[in-house]
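In terms of our numbering, the sequence shown has 45 at position 44, counting the first letter as 1, and numbering is strictly consecutive.
Note that beta-carbon positions come from the ideal geometry of N, C-alpha and C, so glycine has one too.
From a predicted model like this one, the values you see are computed outputs, not experimental measurements.
What follows is a set of notes on a single structure, which appears directly below.
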Amino acid sequence: MIWNPFYILNYEGADIVIATHALSFSFLIISTMLCIFDKMRRDTWVLSIILALVMMFIATPILLFLYFFGIPFILEACLSL
Numbered sequence: 002m003i004w005n006p007f008y009i010l011n012y013e014g015a016d017i018v019i020a021t022h023a024l025s026f027s028f029l030i031i032s033t034m035l036c037i038f039d040k041m042r043r044d045t046w047v048l049s050i051i052l053a054l055v056m057m058f059i060a061t062p063i064l065l066f067l068y069f070f071g072i073p074f075i076l077e078a079c080l081s082l
């Protein structure tokens, strides 16, 4: 196995992905509550719910995959040149 300084420098790298997921979950809860109680702007809150769900189930897994597989693969390919 090739020694990669990226793993040593960023050993707690999932923290930013976990924080992003928690923030999206918080936005989902807040948007759902406001969608229930604010009937005048319900379409805006439904859009906010959809965006929070997209962030939770599409963007966050992509970030996680890129952080743990994409970036190390690119760095290893660049270092092996």
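{"Query": "Given S32 as reference, the closest of M41, I19, I51, D16 once Cα atoms are compared", "Result": "I51"}
{"Query": "Buried/exposed call for T45, threshold 16 Cβ in 10 Å", "Result": "exposed"}
{"Query": "First through last residue of the alpha helix (DSSP H) which encompasses R43", "Result": "43-55"}
{"Query": "Classification of A53 by the beta-carbon crowding that lies within 10 angstroms, buried from 16 upward", "Result": "buried"}
{"Query": "For D16, the three-state DSSP class (helix, strand or coil)", "Result": "helix"}
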